[in-house]
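Protein chains in written order, with my numbering: chain A, 2 to 244; chain B, 2 to 244; chain C, 2 to 244; chain D, 2 to 244.
The C-beta atom is built at its ideal place from N, Cα and C for all residues, glycine as well.
A quick note: this is a predicted structure, and the numbers were derived from the prediction, not measured.
Number of protein chains: 4
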Amino acid sequence: MGQALELVIASRTLAEHGVIDAYGHATVRSESDPQRYLMARNLAPELVTEPDILELDLDSRPVDAKGRALYQERFIHGEIYKARPDVMAIVHNHSPSVVPFACTGHALRPIFHMSAFVGLGVPSWDIRDAQAGSDMLVKTAYLGRHLAGCLGSHPAVLMRGHGSTVVAENLQRAVGRAIYLEMNARMQFQATLLAGPSGRIVFMDDAEVAANVSWQNYERSWNLWRTKALAKLEAERKGEATP
Amino acid sequence: MGQALELVIASRTLAEHGVIDAYGHATVRSESDPQRYLMARNLAPELVTEPDILELDLDSRPVDAKGRALYQERFIHGEIYKARPDVMAIVHNHSPSVVPFACTGHALRPIFHMSAFVGLGVPSWDIRDAQAGSDMLVKTAYLGRHLAGCLGSHPAVLMRGHGSTVVAENLQRAVGRAIYLEMNARMQFQATLLAGPSGRIVFMDDAEVAANVSWQNYERSWNLWRTKALAKLEAERKGEATP
Amino acid sequence: MGQALELVIASRTLAEHGVIDAYGHATVRSESDPQRYLMARNLAPELVTEPDILELDLDSRPVDAKGRALYQERFIHGEIYKARPDVMAIVHNHSPSVVPFACTGHALRPIFHMSAFVGLGVPSWDIRDAQAGSDMLVKTAYLGRHLAGCLGSHPAVLMRGHGSTVVAENLQRAVGRAIYLEMNARMQFQATLLAGPSGRIVFMDDAEVAANVSWQNYERSWNLWRTKALAKLEAERKGEATP
Amino acid sequence: MGQALELVIASRTLAEHGVIDAYGHATVRSESDPQRYLMARNLAPELVTEPDILELDLDSRPVDAKGRALYQERFIHGEIYKARPDVMAIVHNHSPSVVPFACTGHALRPIFHMSAFVGLGVPSWDIRDAQAGSDMLVKTAYLGRHLAGCLGSHPAVLMRGHGSTVVAENLQRAVGRAIYLEMNARMQFQATLLAGPSGRIVFMDDAEVAANVSWQNYERSWNLWRTKALAKLEAERKGEATP
């Protein structure tokens, strides 16, 4: 399957799971040229089809924009791909349960084995540390670099008042991590309230995290998501379904 | 696209997002006559089609009622349009996460960049300050004026035991604000519990609010909502979908 | 519209809103004989069609069972119809947000104008006060009478570890009340947490409750629910939709 | 109805209710050979059809794998069937509200009559007690036996950082219990917060639990779930629905 179609599937899956609404975006590094990445034109992810996928260089300039508008926050992706040669796919999103953690200084911890990657550390970034009085969007290379610096070698970074950015070695892992980051936040919120001020929560320990993360590619999920997205795309093509 | 069709799209989008159930209503000021506004006849928003759209003057009298029943709370709209020449669209709704804020004296604060307008101030109105023993509905010009007075120059006003009213310079912004007001309330509720009694929440500051609000028109969302609503309307016309 | 079809619409609407899953039931007192009431045979409410509607006397014996199994808890309905000549419709359900109130001794109070009837008082019934070691079901006339006694002249009664029973002067009002009882519980739960141990919540006062309850028939909602349910029934008949 | 089709219905019902996403699995002990059990090949439950059902022995080796990949955690099932001759069906799942209980040491208690079986005791298992530094998966016979030991004679066991495993004397009871275990956890979470640190919650007592559990087979639910699943399967076969 081509990378463009995979990116369509990823975009629609994230929308389907409520991880992305009209905003947020998934990208994948080009298999043929690691100095480029694929990203949809400026469009709500659940409307994306293959012809909407563009190629950008790592300075986030389109190779051929085909007259299409670009996402303003593409610099999140370009600058992370520059800083992290190991990263092959990125999801930026506003999943709702994550936001209350970043603005209260509560660190996400790995509470659920499907979210084990959280145990690799999820730092929290405040755009104010890079620029005072911003409109909160990462719309310059400078801000993208600053965010990438905070991400460091971690699998995800929270963005205060905004959402999160999740990275991985392949697209399906990035999508799975974005979905299960939200799930971890929901579970940790509930556990925090149950435990109370002096309460104790048993999180996954480092050895458990390492053992799980080493292989977790969300294969069975990806098979399900791909099956459903392809069926939906086919129905849209036949006019039997609407977006 | 005509204003009536835009209002149909707005009504259905608000229902789709759970911001409005059978109650609540969106209106838009007439482009051809700023002393008039467009509003559906008394009907659940998710059933509204173009022929249901009526024109009312700013005293909330229909220009031609066509024998149709009117929403009792139309005075919310007429009186705000009178008091606020800058306002071109209004959404009144009962989105569920907002109600617990108004009745506990917790002020909504801007916790999420998509809801930055909350930082312009969202006052809370108690109908008791205007009329004791009311049935809670804003069904007179007097109550509408009182509510408009509390709204002042702000983008939204909470209504104790009832819901909220959101205003904007155009319809898509009003719809976006209604949806993200609910989202802000959900996130702030969770952050408040996570932070605890003595906890600290980092909200957007005034400069961040100003920078974001200046351009935020929910363009990409509106494109998605319009696409989906038009497809649904077309399917209903063909008999391939039911309301 | 006949009472049987109205009851089908009510049953499906309650299922659609998550107020009833496979359990719970709506009934209506017969218009032609006030000593009888209409109730579906023992079937999940979202599967009910007109031929499933049976007539029972107030001792909850079927006039003609047509070989169909009956709901075990029909005595809830029969005994309330006996005790409350003003009651024309009853909904028994397990809506999830209500259960935590009954078992913690937190009284529901009217927090939302669509739920104003809560202000008429919603007592809480514990089946243990009638029978120790029961299986929690109201499956005898004795238990039905005991529950009716606790309900008294109120519009609803919570049932510890079980759910609630809601009554009204007509079917659409009973359905609306069941839906908005759940909504009130959700909002009051959130307000209680926001307010904290020593916090204050402004509920509707008695005059506001009286002014609202006097006319609230959920007319616009009922029109929406009926439109959607009839369209679904028609699609099922044509084989274009499945239950 | 054959056991394979029943297992398809169970799998899809669990997915439909959000109790299982792509992970988790239901199994049933073979009617013809109690030393064998039926389980789908390694596939997301909502995609399962009859040809995907395989037969395994109690050491969790497939009788004929037909070249299909197996679920890694099949040992949960095989080892419990060995240890518990009374158990005829098992559901392993990650339903989200259960996880915060296991990791905070809060025991689930029976708060809702549909979840009465919780009162038979739901122990909590920590995989660390069997193996340090695991990847959290029960993918060996040893781990399956250890889990079965913790389950003992109870109807369910929580798994720290993972989910739960639910057992019953027949498949529909196991499915019903998995769905209502999640519901019990949601209600108990809310009741715990409402009750506060020193608060009191009235749970079902032992006699009530015993009276309810003795007959509760979720018959009416199963009829609904089967009707809906069969209609969906038929529509998929005709190409009128996609997974």
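Q | Closer than 8 Å to chain A by CB, GLN191/B | A | yes
Q | chain A contact residues for VAL158/D, given Cβ-Cβ distances below 9 Å | A | Within chain A, no residue comes near VAL158/D; the closest Cβ sits about 16 Å away, beyond 9 Å.
Q) Which same chain residues, not among the five before or five after ARG174/B, have their C-beta less than 8 Å away from its C-beta? A) ALA90, GLN217, ASN218, TYR219
Q. To the nearest angstrom, how far is it from the Cα of GLY200/D to the Cα of CYS104/C?
A. 11 Å
Q) Which chain C residues sit within Cβ distance under 7 Å of ASN43/B? A) ARG221
Q. Mind checking whether ASN41/C and ILE21/C have CB atoms under 8 Å apart?
A. The amino acid at residue 41/C is misidentified as Asn; the sequence shows Ala. No, Cβ-Cβ distance for ALA41/C and ILE21/C is not below 8 Å.
Q | Contact set between the region 133–147 of chain A and chain B, restricted to residues whose Cβ is under 7 Å from the partner | A | ALA133, GLY134, SER135, ASP136, MET137
Q: Tell whether a beta-carbon distance below 8 Å holds between PHE113/A and VAL100/D.
A: yes
Q: Answer with yes or no whether the minimum CB distance from GLY162/C to chain D is below 8 Å.
A: yes
Q: Mind checking who ALA169/A pairs with in its DSSP beta bridge?
A: ALA90/A
**Q.** ALA169/C versus ARG161/C, SER154/C, ALA232/C, residue with shortest Cα-Cα distance
**A.** SER154/C
Q: Report yes or no: is there a C-beta of chain A within less than 8 Å of the C-beta of LYS239/B?
A: no
**Q.** Three-state secondary structure (DSSP) of ILE54/C
**A.** strand
Q.
For a cutoff of 8 Å on Cβ pairs, would you count LYS233/D as touching chain C?
A. yes
Q: With DSSP collapsed to three states, give me the class of ALA142/C.
A: helix
Q | Closer than 9 Å at the beta carbon, the chain A residues around LEU194/D | A | LEU194, LEU195
Q) Where does THR14/C fall in DSSP's three states? A) helix
Q. Rounded to a whole number of angstroms, what is the C-alpha to C-alpha distance between LEU6/C and ASP127/D?
A. 53 Å
Q.
Cutting at 6 Å between CB atoms, please list the residues of its own chain near SER125/A, excluding the five before and the five after it.
A. ALA103, LEU159
**Q.** Nearest-angstrom Cβ-Cβ length linking VAL214/D and ALA117/D, presumed shorter than 8 Å
**A.** 5 Å
Q. Using a C-beta to C-beta distance shorter than 8 Å, which residues of chain A count as neighbours of CYS104/D?
A. ILE112, ALA192, ILE202, VAL203, PHE204
Q. At a Cβ threshold of 8 Å, is ALA9/A touching chain B?
A. The sequence given here places Val at residue 9/A; Ala does not occur at that position. Not an interface residue.
(Q) If you measure between the beta carbons of GLY172/A and VAL29/A, is that distance less than 8 Å? (A) One point to set straight first is that residue 172/A is Leu, not Gly, in the sequence displayed. Contact: yes.
Q: Select from the region 77–111 of chain D all residues with a C-beta closer than 9 Å to any C-beta belonging to chain A, and list them in chain order.
A: HIS95, PRO97, SER98, VAL100, PRO101, PHE102, ALA103, CYS104, THR105, GLY106, HIS107
Q) the ligand FMN heavy atoms versus the CB of GLY68/C: any closer than 7 Å? A) Ligands are entirely absent from the displayed structure, and the ligand FMN is therefore not among its contents.
**Q.** Where HIS78/D sits in the DSSP three-state scheme
**A.** helix
Q: Mind checking which residues open and close the alpha helix (DSSP H) that includes LEU225/B?
A: 220–238
**Q.** ALA211/D, enclosing beta strand (DSSP E) - first and last residue
**A.** First-last for ALA211/D: 207–214, but that is the alpha helix (DSSP H), not the beta strand (DSSP E).
Q: Would you identify the three-state DSSP class for VAL158/B, choosing helix, strand or coil?
A: strand
Q.
For ALA1/C and ARG221/D, I'd like the C-alpha separation in whole angstroms.
A. Outside the shown range of chain C (2 to 244) lies residue 1/C, about which nothing can therefore be said.
(Q) By the 7 Å beta-carbon criterion, what residues does the region 167–178 of chain A contribute toward chain D? (A) none
**Q.** Between the CA atoms of PRO97/C and ALA142/D - distance to the nearest angstrom
**A.** 38 Å
(Q) Can you give me the C-alpha to C-alpha distance between VAL210/C and SER135/B, rounded to a whole angstrom? (A) 9 Å
Q: Could you name the residues of chain C that LEU48/B contacts, counting a contact when the two beta carbons are closer than 7 Å?
A: LEU225, THR228
Q: Can you give me the Cβ contacts of VAL139/B inside the same chain, cut-off strictly under 7 Å, excluding the 5 residues immediately before and after it?
A: GLU74, PHE76, ILE77, GLY145, LEU148
Q.
Nearest by alpha-carbon distance to GLY162/A: which of PRO156/B, GLY150/B, TYR181/B is it?
A. TYR181/B
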